[in-house]
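Trainee: Numbering (this note's numbering), first residue to last: 407 to 567.
Sharing a structure below in structure tokens format, with a few things to ask.
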């Protein structure tokens, strides 16, 4: 067992360092919690964009089916050649729009994956900092016990009124 006594100045320096470390860790944790909240909002926005894109894709697919049906049964609708050409142009535009939407959805999925990875990394860093803060708090408690044992500080009970 170590019997070495710490001087009051040494205890004060240690206490100051622990306090600075504790405050720094708490500030970092708070900042990361804010970033995590922002990341969660970005994930929600990306999920909404994904749902909206899927809904648009379904609409486009429905229009494509309608036009394809019209073209398939054009003899029943008695379309003029100009109307057939117009429907074919619409169909081509819808296919291009669909491809653009698919590309956009792929991009949104990619962004969503990045946000989710960022969220996971933030959680890991927060957990690590919380563990470090726990260690610092235990050291602070140990320092208080040392100060009490060496009679450098005295505990005075509160006066009862």
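Beta carbons: idealized from backbone N, C-alpha and C, even for Gly.
Looking at residue 462: is its Cβ nearer than 7 Å to the Cβ of residue 502?
Mentor: It is not a contact, given that the beta carbons lie outside the stated cut-off.
Trainee: Under a Cβ-count criterion, where at least 16 other Cβ atoms within 10 Å of its own Cβ denotes burial, should residue 542 be classed as buried or exposed?
Mentor: By the 10 Å Cβ count, residue 542 comes out buried.
Trainee: Are residue 431 and residue 512 touching if we call contact CB-CB under 7 Å?
Mentor: No; because the gap between Cβ atoms is not below 7 Å, this pair is not in contact.
Trainee: Exposed or buried, what is residue 409 when buried is set at 16 or more other beta-carbons lying within 10 Å of its beta-carbon?
Mentor: Summary for residue 409: the model assigns pLDDT 49, below 50, so the residue's position carries little reliability; its value from the coordinates is reported in the next sentence. Per the 10 Å Cβ criterion, exposed.
Trainee: Have a look at residue 529 and residue 452 and give me their C-alpha separation to the nearest angstrom.
Mentor: Their Cα atoms are separated by approximately 19 Å.
Trainee: Could you check whether residue 514 and residue 444 sit closer than 7 Å to each other, using their CB atoms as the reference points?
Mentor: Not in contact: residue 444 and residue 514 (Cβ atoms no closer than 7 Å).
Trainee: Using 10 angstroms around the beta-carbon of residue 436, count the other beta-carbons present and answer buried if the total reaches 16, otherwise exposed.
Mentor: Answer is exposed; the Cβ neighbour count stays below 16.
Trainee: First and last residue of the alpha helix (DSSP H) that includes residue 478?
Mentor: From DSSP, the alpha helix (DSSP H) with residue 478 extends over 414-478.
Trainee: For residue 546 and residue 554, what's the separation of their Cα atoms in angstroms?
Mentor: Looking at the two C-alpha atoms, the distance is approximately 12 Å.
Trainee: Would you please state the rounded distance, in angstroms, between the beta carbons of residue 526 and residue 449? I believe it to be under 8 Å.
Mentor: Contact flag wrong, Cβ pair sits at about 11 Å.
Trainee: Is the beta carbon of residue 473 closer than 7 Å to that of residue 493?
Mentor: Cβ atoms of residue 493 and residue 473: closer than 7 Å.
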